[in-house]
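Residue numbers (the numbering used here): 121 to 518. Think of the CB as a built atom: it goes at the ideal place given N, C-alpha and C, for glycine as much as any other residue. Quick caveat: nothing in here was measured; it's all calculated off a predicted structure.
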Ligand SMILES: Nc1ncnc2c1ncn2[C@@H]1O[C@H](COP(=O)(O)OP(=O)(O)O)[C@@H](O)[C@H]1O
Ligand SMILES: [Mg+2]
């Protein structure tokens with residue numbers, strides 16, 4: 121072994137020891153993570169879209185018939201602690217108030233959160249969006265395709281301890297599975313499923329790029345369609361599939377471009393991030409031309425992330441972004457707040473906190489509901505709601 125390799129292995133061993141100690145202190149997530157958030161009567165009204173009185177009556181009926189577990193109460197005071205997300209969904213089922221797509225007219229939408237750069241807010245956006253949509257009652261599949269596996273960690277796993285090769289999408293890419301159904305796992309969020317990742321995902325780049333050398337152009341094109349094909353038989357079970365992407369151009373990224381129906385590019389308002397987004401667009405355009413000249417996206421939009429409006433350079437750059445991107449820039453801003461940052465360093469989002477700060481919650485709600493409207497524009501069954509909201513709805517081409 122070379123001196124460098126010995127030194128690196130030494131660092132790895134020491135780091136692993138430290139990680140074990142931190143883990144023992146409960147600083148890292150463990151597999152028993154659960155959603156402790158309980159929703160008040162007022163929140164239940166908003167989420168279920170029925171009055172508290174109707175909810176109260178339905179609740180009694182459902183509990184009597186074994187269709188809903190009893191509402192948890194404080195052991196001492198007897199006060200109701202609130203509804204779990206599962207209970208909210210049981211109520212939605214009773215009242216038929218799920219917001220989900222109409223399966224006859226609306227397609228499941230695959231949304232990729234993608235960019236060339238790391239640290240721009242892809243994972244925070246993907247996880248927050250997936251959890252927000254699950255809270256609204258949509259059926260969501262979140263796909264982690266980044267070997268750093270931060271999304272997977274947020275759901276309570278230590279990727280390289282809890283997730284094995286067989287648990288990831290790799291066996292499918294190696295031809296050992298027909299589609300990706302086998303690696304979907306339920307999470308502690310009702311109606312939010314996950315395809316997890318771990319460090320081995322980098323094999324995807326390594327092994328496939330070697331194999332590519334001896335492939336014909338048609339075989340290569342087929343290889344780039346693998347993710348799309350693997351998700352196809354699963355789409356019926358979900359309203360949306362959200363993909364968190366690696367921060368690089370590679371085989372995984374091109375597969376994501378092929379599988380996506382829509383793309384969101386998180387971009388902080390700075391020179392470097394802006395130019396990297398432009399490079400990313402150049403790449404999309406080249407890949408489309410070379411591999412899928414007929415491919416269309418339902419939308420490609422930029423989300424301004426980590427925005428600090430107190431910072432003059434951010435204000436300036438935001439106006440540059442507005443000029444250049446126009447309507448392609450979501451009007452709501454994913455503002456930077458300490459609370460969102462702290463939550464993410466604890467492998468959480470603010471939607472999981474028992475008492476999230478109102479400002480941070482408002483930021484998340486505004487961004488996510490803007491994206492929800494973009495999705496609705498592509499679901500004919502939502503046309504009426506959109507026009508009630510005064511949104512411009514594209515007429516179908518004749
Ligand atoms: N709105 C925000 N406010 C504060 N910090 C943020 C926000 N969005 C992202 N961050 C921070 O930026 C860092 C990178 O975000 P992340 O989503 O992991 O980026 P990526 O997935 O693109 O690498 C994280 O440490 C996260 O805490
Ligand atoms: Mg990430």
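Shown here for residue 190: same chain residues with a beta carbon closer than 8 Å to its own, the five before and five after excluded, namely 183 in chain order.
For secondary structure counted as the alpha helix (DSSP H) over 4 or more consecutive residues, the stretch 359-440 holds these complete runs in sequence order: 371-379, 391-411. When C-alpha distances from residue 312 are compared across 346, 248, 426, the shortest belongs to 248. Per the coordinates, the alpha-carbon of residue 257 lies some 28 Å from the alpha-carbon of residue 447. In the displayed model, residue 211 falls within a helix according to three-state DSSP. Taking the Cα of residue 354 as reference, the smallest distance to any Cα among 317, 263, 246 is reached at 263. Residue 304 carries a coil assignment under DSSP once its states are collapsed to helix, strand and coil.
Judged by pairs of C-beta atoms under 8 Å, the stretch 467-476 does not touch the stretch 398-416, as fewer than three such pairs exist. Counting only residues of its own chain and dropping the five nearest sequence neighbours on each side, residue 158 has a CB closer than 6 Å to the CB of 201, 202. In this structure, the straight-line span from the alpha carbon of residue 222 to that of residue 418 is close to 18 Å.
Residue 379 counts as buried, since at least 16 other C-beta atoms from the protein chains shown sit within 10 angstroms of its C-beta.
The Cβ atoms of residue 386 and residue 425 sit closer than 7 Å to each other.
Scanning its chain for C-beta atoms nearer than 6 Å, with the 5 sequence neighbours on each side dropped, one finds around residue 169 the residues 217, in chain order. Here the C-alpha atom of residue 162 lies approximately 11 Å from the C-alpha atom of residue 173. Taking C-beta atoms as the reference points, residue 255 and residue 293 fail to come closer than 7 Å. In this structure, 205 is the residue among 237, 279, 205 with its C-alpha nearest to the C-alpha of residue 160. In this structure, residue 269 and residue 317 form a Cβ contact; the two beta carbons are roughly 4 Å apart against a cut-off of 8 Å.
According to the DSSP assignment, residue 263 belongs to the beta strand (DSSP E) that extends over 260-264. Per the DSSP secondary-structure output, residue 313 pairs in a beta bridge with 261, 306.
If the five residues before and after residue 374 are omitted, its C-beta is found closer than 8 Å to the C-beta atoms of 344, 407, 411, all from its own chain and listed in chain order.
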